[in-house]
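Visitor: Residue numbers (the working numbering): 24 to 508. Where a beta carbon is used, it is the ideal one built from N, C-alpha and C, also for glycine. Bear in mind that the values here come from a model prediction, so they are computed numbers and not experimental data.
Now the structure itself:
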């Protein structure tokens with residue numbers, strides 16, 4: 024289909040324009056050649072007519088000369104008799120004598136003679152068909168008062184000239200046909216090297232759109248088409264990776280949801296069984312139900328946050344807050360959990376207060392996510408340390424652990440949505456992606472350094488109040504410049 028459409032477009036546009044231009048050039052060439060040869064013949068006749076007119080005037084002025092005899096001698100001894108014919112014409116349009124020596128028995132048509140009779144220049148010319156022959160004729164009235172000789176006439180046949188013109192036109196047409204042949208030949212290469220690969224790209228793109236992410240294109244040339252093939256292949260690889268991450272995410276989320284639901288259902292059935300349950304067991308069961316319900320609620324909220332970020336619907340409630348208070352609260356929330364997992368959680372709290380412009384709940388959510396990840400990917404006996412400080416106009420919050428760490432291959436992808444470097448640990452794989460987006464919305468950044476088997480350090484960088492206001496002012500100025508007047 025692509026080949027057909029592009030070929031048709033080429034035939035109706037580029038090739039059609041070339042044909043039209045060649046046809047116009049051929050017509051212009053034929054007209055120019057015809058005019059050139061006809062004008063050359065006409066100039067030759069006019070030049071010869073001028074010479075003959077001078078001689079006739081000389082004969083007429085010399086009274087001692089026999090005018091009729093001199094004219095007859097001039098015609099009979101005409102040097103160019105093989106190229107043109109010179110004839111004497113009587114007052115009634117009858118041919119008296121010709122340079123060819125043949126007598127003309129009948130009266131012939133002479134439009135040039137009639138024109139000369141009525142012209143003030145005493146000369147007439149005619150180009151056209153006479154007795155089915157294309158000729159050029161010039162008649163010059165006699166300067167003598169001799170009534171028996173009215174004019175002399177030069178006639179040349181244009182048949183040979185027409186044949187030469189036709190030969191040149193045929194030669195020009197052959198050249199035009201050769202040009203068209205080479206155009207078609209080069210266009211055939213164009214179709215095979217451009218149009219056909221485009222069709223293959225279309226077929227492969229449709230396969231990818233239908234879910235066949237293993238479809239690939241073969242790069243044959245190092246040009247724009249080859250670059251497009253590489254781009255399509257890269258797109259397929261990215262889609263394949265995204266599809267794999269999506270499936271892993273669905274599997275991970277399903278597992279994460281199933282675990283608390285199983286616990287809630289188990290304890291719920293136990294409580295509703297109707298048997299005797301002591302107060303301690305009932306309290307333990309209710310704590311598990313509440314804990315797992317909170318866990319489910321947190322997972323659902325995380326998914327909703329991710330959806331809001333993806334659709335651009337997340338809104339922040341920005342205000343001046345004490346950053347240390349939010350970080351300290353997040354550390355306290357995980358202190359008991361760290362003890363249960365035999366992990367030491369440390370917090371190096373600075374002496375001076377650190378204020379930022381931010382959303383209190385969202386920043387606390389980021390701190391909780393980072394600390395939770397540090398504990399989650401640490402083994403019993405490990406240490407998780409949180410610290411905070413000020414460096415010029417930037418506030419840094421770092422959370423360091425000496426847990427399992429992240430490999431060098433996985434580290435660049437760790438903040439991508441759905442990506443999980445370690446599938447054996449719980450989590451949906453979108454927590455860091457959400458945290459990174461929230462920090463970016465605060466004009467900050469989140470950096471991750473890690474080494475497999477040694478540990479991980481997550482550093483959150485946020486601007487001070489003054490620096491935040493400067494960045495917002497710069498954004499407003501840039502937006503004003505980009506908006507149309």
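Would the region 64-76 count as touching the region 176-187 if we require 3 or more Cβ pairs under 8 Å?
Guide: Touching, per the Cβ criterion.
Visitor: Here's the rule I'm using: 16 or more other beta-carbon atoms within 10 Å means buried, otherwise exposed. How should residue 73 be labelled?
Guide: Residue 73 is exposed by the Cβ-count criterion.
Visitor: Residue 400 lies in the alpha helix (DSSP H); which residues open and close that run?
Guide: Where residue 400 is concerned, there is no enclosing alpha helix (DSSP H), given that its DSSP letter is neither H nor E.
Visitor: Does DSSP put residue 115 in a helix, in a strand, or in coil?
Guide: Note: residue 115 maps to coil in three-state DSSP.
Visitor: Who are the Cβ neighbours of residue 489 in its own chain at under 8 Å, not counting the five residues just before and after it?
Guide: 416.
Visitor: Within the continuous alpha helix (DSSP H) that includes residue 141, where are the two ends?
Guide: Counting along the chain, the alpha helix (DSSP H) containing residue 141 begins and ends at 134-141.
Visitor: Can you tell me whether DSSP reads residue 5 as helix, strand or coil?
Guide: The requested residue 5 does not occur in the structure, where the chain is confined to residues 24 to 508.
Visitor: Give, in chain order, every unbroken run of the beta strand (DSSP E) that is at least 3 residues long and sits entirely within the region 174-219.
Guide: For the region 174-219, whole beta strand (DSSP E) runs of length 3 or above, ordered along the chain, are 174-180.
Visitor: List the endpoints of the continuous beta strand (DSSP E) containing residue 426.
Guide: First-last for residue 426: undefined, no H or E at that position.
Visitor: Does residue 233 pass the burial test, meaning 16 or more other C-beta atoms within 10 Å, or should it be called exposed?
Guide: Label assigned to residue 233: exposed.
Visitor: Are at least three pairs of beta-carbons, each pair with one atom in the region 416-428 and one in the region 469-484, less than 8 Å apart?
Guide: At 8 Å Cβ cutoff, the stretches touch.
Visitor: When you compare the CB of residue 464 with every CB in chain D, is at least one pair closer than 7 Å?
Guide: The structure shown contains no chain D, having only a single protein chain.
Visitor: CA-CA distance, residue 145 and residue 47?
Guide: Cα-Cα distance, rounded: 40 Å.
Visitor: Buried or exposed for residue 533, please, with buried defined as at least 16 other CB atoms from any protein chain shown within 10 angstroms of its CB.
Guide: Outside the displayed range of the chain (24 to 508) lies residue 533, so it cannot be described from this structure.
Visitor: For residue 365, which option in 405, 227, 289, 281 has the closest C-alpha, if you only look at C-alpha atoms?
Guide: Answer by Cα proximity: 405.
Visitor: Can you look up residue 373 in the DSSP assignment and give me helix, strand or coil?
Guide: Correct three-state label for residue 373: coil.
Visitor: Starting from residue 343, trace the beta strand (DSSP E) in both directions and tell me its first and last residue.
Guide: Unbroken beta strand (DSSP E) run through residue 343: 342-345.
Visitor: In whole angstroms, give me the CA-to-CA distance for residue 262 and residue 320.
Guide: Distance between the alpha carbons of residue 262 and residue 320: 30 Å.
Visitor: If I'm right that residue 354 touches residue 377 with Cβ under 8 Å, what's the distance once you round it to whole angstroms?
Guide: With 8 Å as the limit, residue 354 and residue 377 do not qualify as a contact, their Cβ atoms being about 15 Å apart.
Visitor: So, residue 389 versus residue 463, is the Cβ gap smaller than 7 Å?
Guide: It is not a contact, given that the beta carbons lie outside the stated cut-off.
Visitor: Who pairs with residue 157 in a beta bridge, going by DSSP?
Guide: 152.
Visitor: By how many angstroms is the C-alpha of residue 190 removed from the C-alpha of residue 54?
Guide: Approximately 14 Å between the Cα atoms of the pair.
Visitor: Taking residue 480 and residue 421 to be in contact with their CB atoms under 8 Å, please state how far apart those CB atoms are, rounded to whole angstroms.
Guide: 6 Å between Cβ atoms; contact.
Visitor: DSSP three-state call for residue 454: helix, strand or coil?
Guide: Residue state, collapsed to three classes: helix.
Visitor: Taking the alpha helix (DSSP H) that residue 63 falls in, what are its first and last residues?
Guide: Run containing residue 63: 39-84, per the alpha helix (DSSP H) assignment.
Visitor: Using only the alpha-carbon positions, how far apart do residue 386 and residue 495 sit?
Guide: Their Cα atoms are separated by approximately 18 Å.
Visitor: Could you give the uninterrupted runs of the beta strand (DSSP E) lying entirely in the region 250-307, keeping only those of 3 residues or more?
Guide: Taking only runs of at least 3 residues, no beta strand (DSSP E) segment lies wholly in the region 250-307.
Visitor: Considering only residues of the same chain and omitting the five flanking positions on each side of residue 318, which have a CB-CB separation below 7 Å?
Guide: The answer, listed in chain order, is 283.
Visitor: CB-CB under 7 Å to residue 236, same chain, minus the five flanking residues each way: which ones, in chain order?
Guide: Closer than 7 Å at the Cβ level, and outside the excluded window around residue 236, lie 259, 262, 263, 266.
Visitor: Under the DSSP definition of a beta bridge, which residues are partnered with residue 166?
Guide: In DSSP, residue 166 forms no bridge with anything.
Visitor: For residue 56 and residue 196, what's the separation of their Cα atoms in angstroms?
Guide: For residue 56 and residue 196, the distance between alpha carbons rounds to 13 Å.
Visitor: To the nearest angstrom, how far is it from the Cα of residue 24 to the Cα of residue 221?
Guide: Note that residue 24 scores 46 on pLDDT, short of 50, meaning its location in the model is unreliable and no value can be drawn from it.
Visitor: Who does residue 486 pair with in a DSSP beta bridge?
Guide: Paired residues: 417.
Visitor: Excluding sequence positions up to five away, which residues of its chain have a Cβ less than 7 Å from the Cβ of residue 308?
Guide: If we look at residue 308 and ignore the five residues flanking it on each side, its Cβ neighbours are 290, 293, 294.
Visitor: Considering residue 380, what are the terminal residues of the beta strand (DSSP E) in which it resides?
Guide: Note, residue 380: beta strand (DSSP E), 378-381.
Visitor: Roughly how many angstroms separate the alpha carbons of residue 375 and residue 411, rounded to a whole number?
Guide: Using only the alpha carbons, I get a separation of about 10 Å.
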